[in-house]
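Q: Protein chains in written order, with this note's numbering: chain A, 50 to 381; chain B, 142 to 618. Just so you know, even glycine gets a beta-carbon here, dropped at the ideal spot from N, CA and C. In this text, all values refer to a predicted model and were calculated from it rather than measured experimentally. Here it is: the structure, laid out below.
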Amino acid sequence: MRPTGEGGLIWARPPPYIWPRMNAALEAEGLVKRYGARTAVQDLSFSVPQGAIYGVLGPNGAGKSSTLRMLVGVLRPSAGRISLLGGPISRDMLRRVGYLPEERGLYRSMSARGAIAYLARLKGTPSSVAYKRADALLEAHGLGKMRRKKIKTLSKGMAQKVQVLAAIAHEPDFIIFDEPFSGLDPVNQRVLEDTIRAQAAAGRTILFSTHVMEHAERLCDRILLIAHGQKAFEGTVPEALALAPSVAVLETDGDYDLAAALAPRGFNIEFDGEEHGNKRWRARLENGHGSRQLLAACVEAGAPLSLFEPARASLHEAFVALVGDKAMPAAE
Amino acid sequence: MSSILLVARRDYLAYVGAWGFWLSLFTAPLIIAALMFGPLLLARAEPPRVLTIVAERAEDGAAVSEAFAQMALEDARREVAAYVAAAAPSHAETALAAFDGAPNREAAIQAARHIVSMQAPNALAAFPIPSPRYRIIDAPEGDIQALRPYLDGTRTLSDGGALYGALHLRRVENAPTIEYWSVNLSHDEPSNIARRALRLEMQREALAGQGLDPIEADRLQELNPQVSQRDPRPSAGEGQVTLRQRAPFFAALALSFILWSVVFSVANMLLSGVIEEKSNKILDTLLTSVTPLEMLIGKLLGVAAVSATLFLFWGALGGTLLSTAAASMGNSMFGQVAAAFLEPRLLVAFAIGFVAGYLMYGAIFLALGSLCESIQEAQTLLGPVALVLAMPMMLITPALDNPNAPIIEMASWVPIFTPFLLLIRAPSGLAWTEIAGMAGVMLIAVIVILLLAAQIFRAGVVNQLSVSSLFGRKAKG
Numbered sequence: 050m051r052p053t054g055e056g057g058l059i060w061a062r063p064p065p066y067i068w069p070r071m072n073a074a075l076e077a078e079g080l081v082k083r084y085g086a087r088t089a090v091q092d093l094s095f096s097v098p099q100g101a102i103y104g105v106l107g108p109n110g111a112g113k114s115s116t117l118r119m120l121v122g123v124l125r126p127s128a129g130r131i132s133l134l135g136g137p138i139s140r141d142m143l144r145r146v147g148y149l150p151e152e153r154g155l156y157r158s159m160s161a162r163g164a165i166a167y168l169a170r171l172k173g174t175p176s177s178v179a180y181k182r183a184d185a186l187l188e189a190h191g192l193g194k195m196r197r198k199k200i201k202t203l204s205k206g207m208a209q210k211v212q213v214l215a216a217i218a219h220e221p222d223f224i225i226f227d228e229p230f231s232g233l234d235p236v237n238q239r240v241l242e243d244t245i246r247a248q249a250a251a252g253r254t255i256l257f258s259t260h261v262m263e264h265a266e267r268l269c270d271r272i273l274l275i276a277h278g279q280k281a282f283e284g285t286v287p288e289a290l291a292l293a294p295s296v297a298v299l300e301t302d303g304d305y306d307l308a309a310a311l312a313p314r315g316f317n318i319e320f321d322g323e324e325h326g327n328k329r330w331r332a333r334l335e336n337g338h339g340s341r342q343l344l345a346a347c348v349e350a351g352a353p354l355s356l357f358e359p360a361r362a363s364l365h366e367a368f369v370a371l372v373g374d375k376a377m378p379a380a381e
Numbered sequence: 142m143s144s145i146l147l148v149a150r151r152d153y154l155a156y157v158g159a160w161g162f163w164l165s166l167f168t169a170p171l172i173i174a175a176l177m178f179g180p181l182l183l184a185r186a187e188p189p190r191v192l193t194i195v196a197e198r199a200e201d202g203a204a205v206s207e208a209f210a211q212m213a214l215e216d217a218r219r220e221v222a223a224y225v226a227a228a229a230p231s232h233a234e235t236a237l238a239a240f241d242g243a244p245n246r247e248a249a250i251q252a253a254r255h256i257v258s259m260q261a262p263n264a265l266a267a268f269p270i271p272s273p274r275y276r277i278i279d280a281p282e283g284d285i286q287a288l289r290p291y292l293d294g295t296r297t298l299s300d301g302g303a304l305y306g307a308l309h310l311r312r313v314e315n316a317p318t319i320e321y322w323s324v325n326l327s328h329d330e331p332s333n334i335a336r337r338a339l340r341l342e343m344q345r346e347a348l349a350g351q352g353l354d355p356i357e358a359d360r361l362q363e364l365n366p367q368v369s370q371r372d373p374r375p376s377a378g379e380g381q382v383t384l385r386q387r388a389p390f391f392a393a394l395a396l397s398f399i400l401w402s403v404v405f406s407v408a409n410m411l412l413s414g415v416i417e418e419k420s421n422k423i424l425d426t427l428l429t430s431v432t433p434l435e436m437l438i439g440k441l442l443g444v445a446a447v448s449a450t451l452f453l454f455w456g457a458l459g460g461t462l463l464s465t466a467a468a469s470m471g472n473s474m475f476g477q478v479a480a481a482f483l484e485p486r487l488l489v490a491f492a493i494g495f496v497a498g499y500l501m502y503g504a505i506f507l508a509l510g511s512l513c514e515s516i517q518e519a520q521t522l523l524g525p526v527a528l529v530l531a532m533p534m535m536l537i538t539p540a541l542d543n544p545n546a547p548i549i550e551m552a553s554w555v556p557i558f559t560p561f562l563l564l565i566r567a568p569s570g571l572a573w574t575e576i577a578g579m580a581g582v583m584l585i586a587v588i589v590i591l592l593l594a595a596q597i598f599r600a601g602v603v604n605q606l607s608v609s610s611l612f613g614r615k616a617k618g
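Below is the structure:
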């Protein structure tokens, strides 16, 4: 089951991670990365199923980039083992990997097609094929007219698109994007989500890091939450959501204090601000209390309700439940 | 194509695609020509400096005036001789005989010119019209104090010109005294010319006082030992040291300066290139495809190809000019120096020095660049490095004086000096085995430095170690 951008769910195919006899595209075991006395990644183990879209989540400084840089062989782990596409990391193996680093850039004086083709050629794609693919990718992503323009003349969003295309031009089996959505406007974020889905549909395994939960929620089959360099959670999005208590949003007329009224009945309700003269409340549904019980309690207490809306917990809330407020990325 | 060659090719195309490359390619020969011939042309373009002589005794004034005239004649002869030796060597002797046979300077120049116009008319177009360095005029005032306004620029001469200097010649207890008046305080050549002239005049007077015939006195004054320098080595034949033997040293000096400036120019290209890549954040992308060592070697090869392109163009241009000069002006100074540039030993030393020096210094600069986030940061690092890199230049002058001095011999085996000292020592008959030995030492040094530089480069581009992180800030995680 893969949640879609529109809030619905696609059941067209079973999630790759539950496919029978599925091989892992990547397995990391006991990864440690130390910079001098500081430990950026501590005993991190996880597995990325072949064909999955896998999200690595965590706040800034959690160790996401260090982890991803170890996966693509840029950094050597201080300890631990990585198996990529069935073997240890090697130069040949990395030719089957596409990588978009967090700190990205291209040669400013190169043309868009030249930059894409150059990076594809470094990955072993023959020259003529690389240029043809660069042209086709640029055309398909609405940048056909820009293909001969120098990178320095492109807007930041266009340059970032070109860099994403450069990461996939050699048609890798495994694609790693480090914070691919940062710096993109909402329209281009949606375009990039579509690109990621298209790559996954073509059978490629995608791993990306983000600190924005919504992208992970919409795209990922599985997620890994890192906090303070350690694994806080690994599993599916529904599994993560199940860890967070459900909530309900309520509004009452006038000065009525809903929190005080329902506290004796065992409900945990927080004031969430005022709107058009009404008070807005947020109730956490836990300790066996569901939305039905909450509504009944409101009626019993004679609360002047103008809105009652049960809501699904977000990934943000799930992770707050897992690691606490301080270690969490900001919700967007 | 391998990753190394792809990196090299991209860097090469990026450099040769920049307008600055083409500017360097075409303007560098013009700039070198301007530096070589500019001072000469400027000196020629300067009008004669106007001097006047105020003398208590007419004989003293005449002696000094004659000395200036003699110097102007000798300067003109030197210039005419150099020209005819280069432009019409087969008629040089006849032209100079005509020059020497003429009664005065102007007539001498005309006589030599006439010979050239008759015997080698093609060489007449650029025949020099030497201008004397000084023009002696009658003093506009008879008293030195009255001349001061002319000398400090308050008054001008009747032709509107300025008076450059005045020689005030007096006799104090019958001994000549020279006062040289001029606002150009750092220039004292006129007083030295006057001093030599009056010293001869004093000797002449003293000899006459002893009753010696003035003609005999003149003969005695002209007595002068002949000096010649000899080379004792068997390869030197009779041992006579002429310009032909000295020319390779001039060529070596010129080549070592060219080598030094080219090596550090291209090393700076590498430095700014890697800093630009760091600031463009492209290195992480590249590092999944190439190792730091491959990237380092690729970059060195790319810029080496840029240098090779420059050298091929300049070498073809310079080689053609030097070969032509060496063939057509074989007896002239220029022809002999030109021929010295083409000596195999010197060319081999230059090639070894360039390859080793470039790889060594290029790798060091690349490693330094990988530790810097900006050109400004690199400049702070390059300050002390530049002092170390200037050291080879400091050894060049003592090496020219005595290429076989123990300290120079020892220093030439220290890799950072070897490329430059090898060049300077090559014309002194350095054995081929010693040249090969130095090449071997540099090869080992280059390999060691490349490996060390690759480690620093890796730390800089992979672990993002930087100057600022070394001095307080933590490396990024």
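Residues in the same chain with beta-carbon distance under 8 Å from B/Val225, minus the five sequence neighbours each way, listed in chain order, please.
A: In the second sequence, the residue the question calls residue 225 of chain B occupies position 84. Excluding sequence neighbours, B/Val225 sits near His232, Ala233, Ala236, Leu237, Ala253, Val257 and Ala264.
Q: Whose Cβ in chain B lies nearer than 9 Å to the Cβ of A/Ser158?
A: Walking along the first sequence from the start, residue 158 of chain A turns up at place 109. In chain order: Ala155, Gly158 and Ala159.
Q: With a CB to CB cut of under 7 Å and the five nearest residues on each side skipped, what residues in its chain are close to B/Met436?
A: Taking the first residue of the second sequence as 1, we reach residue 436 of chain B at position 295. Val148 and Leu427, listed in sequence order.
Q: On the DSSP letters alone, give me the boundaries of the beta strand (DSSP E) that B/Val321 sits inside.
A: As a first step, residue 321 of chain B must be located in the second sequence, where it is residue number 180. The sequence shown places Tyr at residue 321 of chain B, not Val. Segment Ala316 to Trp322, the beta strand (DSSP E) holding B/Tyr321.
Q: Does DSSP put B/Trp160 in a helix, a strand or coil?
A: As a working note, residue 160 of chain B is residue 19 in the second sequence. Here B/Trp160 sits in helix by DSSP.
Q: With DSSP run on the structure shown, which of helix, strand or coil describes B/Ser143?
A: Within the second sequence, residue 143 of chain B is the residue found at index 2, counting from 1. Looking at B/Ser143 - three-state DSSP - the assignment turns out to be coil, as it is neither helix nor strand.
Q: Along the chain, where does the alpha helix (DSSP H) containing B/Leu536 start, and where does it finish?
A: What you label residue 536 of chain B is simply residue 395 of the second sequence in a count that begins at 1. Note, B/Leu536: alpha helix (DSSP H), Ile516 to Asp542.
Q: According to the neighbour-count rule (16 or more other Cβ atoms, all chains shown, within 10 Å of its Cβ), is A/Lys201 buried or exposed?
A: Locating residue 201 of chain A in the first sequence gives position 152, counting from the first residue. Result: exposed.
Q: Secondary structure at B/Gly460, three-state DSSP: helix, strand or coil?
A: Here residue 460 of chain B refers to the residue found at position 319 when the second sequence is read from its first residue. Helix, per DSSP.
Q: Flag B/Val431 as yes if its beta-carbon sits less than 8 Å from any beta-carbon of chain A, otherwise no.
A: By 1-based counting over the second sequence, the position of residue 431 of chain B is 290. Answer yes: the Cβ-Cβ gap between B/Val431 and chain A drops below 8 Å somewhere.
Q: Note down, in chain order, all residues in the segment 125 to 155 of chain A with a beta-carbon under 9 Å from any beta-carbon belonging to chain B.
A: Here the close residues are Arg125, Arg140, Leu143, Arg144, Val146, Gly147, Tyr148, Leu149, Pro150, Glu151, Glu152, Arg153, Gly154 and Leu155.
Q: Taking the beta strand (DSSP E) that B/Ile309 falls in, what are its first and last residues?
A: By one-based count along the second sequence, residue 309 of chain B stands at place 168. Residue 309 of chain B is actually His in this sequence, not Ile. Residues Gly306 to Val313.
Q: When the Cα atoms are used, what is the spatial distance from B/Leu164 to B/Met410?
A: The sequence position of residue 164 of chain B within the second sequence is 23, counting from 1. The sequence position of residue 410 of chain B within the second sequence is 269, counting from 1. The straight-line gap from Cα to Cα measures roughly 15 Å.
Q: Excluding the 5 residues preceding and the 5 following B/Arg311 in the sequence, name in chain order all residues of the same chain whose CB lies nearer than 6 Å to its CB.
A: Within the second sequence, residue 311 of chain B is the residue found at index 170, counting from 1. Excluding positions up to five away in sequence, the list reads Glu197 and Thr318.
Q: State the DSSP-derived secondary structure class of B/Glu330, mapped to helix, strand or coil.
A: The residue given as residue 330 of chain B occupies position 189 in the second sequence. In the structure shown, B/Glu330 sits in a helix (DSSP, three-state: H, G or I).
Q: Quick one: complete alpha helix (DSSP H) runs, 4+ long, within the segment 193 to 260 of chain B?
A: Counting whole runs of 4 or more residues, the segment 193 to 260 of chain B contains the alpha helix (DSSP H) stretches 199 to 228, 233 to 242 and 246 to 260.
Q: Sorted by chain position, which residues of the same chain lie with C-beta nearer than 6 Å to B/Glu282's C-beta, five sequence neighbours on each side aside?
A: The residue labelled residue 282 of chain B in the question sits at position 141 within the second sequence. Result list for B/Glu282: Leu288, in chain order.
Q: Looking at the secondary structure, which residues open and close the alpha helix (DSSP H) in which A/Val369 lies?
A: Working through the first sequence from its first residue, we reach residue 369 of chain A at position 320. Element bounds for A/Val369: Leu364 to Val372.
Q: Ends of the alpha helix (DSSP H) at A/Leu241?
A: To locate residue 241 of chain A, count along the first sequence from 1; it is residue 192. Note, A/Leu241: alpha helix (DSSP H), Pro235 to Ala250.
Q: Out of curiosity, what's the CA-to-CA distance linking B/Val589 and B/Val555?
A: Along the second sequence, read from residue 1 onward, the residue named residue 589 of chain B stands at position 448. Along the second sequence, read from residue 1 onward, the residue named residue 555 of chain B stands at position 414. If I take the Cα positions, the gap works out to 14 Å.
Q: Looking at chain A, which residues of the segment 405 to 439 of chain B have a Cβ within less than 9 Å of any of its Cβ atoms?
A: Result list: Glu417, Glu418, Ser420, Asn421, Lys422, Ile423, Leu424, Asp425, Thr426, Leu427, Leu428, Thr429, Ser430, Val431 and Thr432.
Q: Only counting the same chain, and skipping five residues up and downstream in sequence, which positions put a Cβ closer than 6 Å to that of A/Ile131?
A: On the first sequence, residue 131 of chain A is found 82 positions in, with the first residue counted as 1. So the qualifying residues of the chain are Ala77 and Ile138.
Q: Say whether chain A places a C-beta atom closer than 8 Å to the C-beta of B/Leu147.
A: One-based indexing of the second sequence puts residue 147 of chain B at position 6. Closer than 8 Å to some Cβ of chain A, the Cβ of B/Leu147 qualifies, so yes.
Q: By DSSP's criteria, A/Lys199 is part of a beta bridge. Which residues make up the other side?
A: Against the first sequence, residue 199 of chain A aligns to sequence position 150. BP columns for A/Lys199 point to A/Ser160.
Q: How many Å lie between B/Lys440 and B/Ala595 at the Cα?
A: As a working note, residue 440 of chain B is residue 299 in the second sequence. As a working note, residue 595 of chain B is residue 454 in the second sequence. If I take the Cα positions, the gap works out to 12 Å.
Q: If you measure between the beta carbons of A/Phe230 and A/Leu149, is that distance less than 8 Å?
A: Stepping through the first sequence from its first residue, residue 230 of chain A is reached at position 181. Stepping through the first sequence from its first residue, residue 149 of chain A is reached at position 100. Contact: no.
Q: Do you know whose CA, among A/Glu335, A/Pro98, A/Glu152 and A/Arg361, lies nearest A/Leu133's CA?
A: Stepping through the first sequence from its first residue, residue 133 of chain A is reached at position 84. Answer by Cα proximity: A/Pro98.
Q: List in chain order: all unbroken alpha helix (DSSP H) runs of 4+ residues lying wholly within the segment 267 to 305 of chain B.
A: 285 to 292, all fully within the segment 267 to 305 of chain B.
Q: Assuming A/Gly104 and A/Ile272 make a contact with CB atoms under 8 Å, what is their CB distance in whole Å?
A: Translated into the one-based positions of the first sequence, residue 104 of chain A becomes position 55. Translated into the one-based positions of the first sequence, residue 272 of chain A becomes position 223. Confirmed, about 4 Å.
Q: Name the DSSP beta bridge partners of A/Leu358, please?
A: Locating residue 358 of chain A in the first sequence gives position 309, where the first residue counts as 1. Note on identity: in this sequence residue 358 of chain A is Glu, with Leu being the wrong assignment. In DSSP, A/Glu358 forms a bridge with A/Val298.
Q: Is it buried or exposed for B/Ala228, if we count other Cβ within 10 angstroms and need 16 for buried?
A: For the purposes of this step, residue 228 of chain B is taken as residue 87 along the second sequence, with counting starting at 1. Counting Cβ neighbours within 10 Å, B/Ala228 comes out buried, since at least 16 surround it.
Q: Could one say the Cβ of B/Val257 lies closer than 8 Å to chain A's Cβ atoms, at least one of them?
A: Looking up residue 257 of chain B in the second sequence gives position 116. No, B/Val257 lies away from the interface with chain A (no Cβ there is under 8 Å from its Cβ).
Q: Output, in chain order, the set of chain B residues within a Cβ distance shorter than 9 Å of A/Tyr180.
A: As a position in the first sequence, residue 180 of chain A is number 131, starting the count at 1. Here the premise fails: no neighbours, minimum Cβ distance about 14 Å.
Q: Check whether the Cβ atoms of B/Arg371 and B/Gly380 lie closer than 8 Å to each other.
A: For the purposes of this step, residue 371 of chain B is taken as residue 230 along the second sequence, with counting starting at 1. For the purposes of this step, residue 380 of chain B is taken as residue 239 along the second sequence, with counting starting at 1. Contact: yes.
Q: Please report how far the alpha carbon of A/Arg361 lies from the alpha carbon of A/Val123, in whole angstroms.
A: For this step, residue 361 of chain A is matched to residue 312 along the first sequence. For this step, residue 123 of chain A is matched to residue 74 along the first sequence. Taking the straight line joining both Cα atoms gives about 40 Å.
Q: CA-CA distance, A/Ala345 and A/Lys328?
A: By one-based count along the first sequence, residue 345 of chain A stands at place 296. By one-based count along the first sequence, residue 328 of chain A stands at place 279. Distance between the alpha carbons of A/Ala345 and A/Lys328 is about 19 Å.
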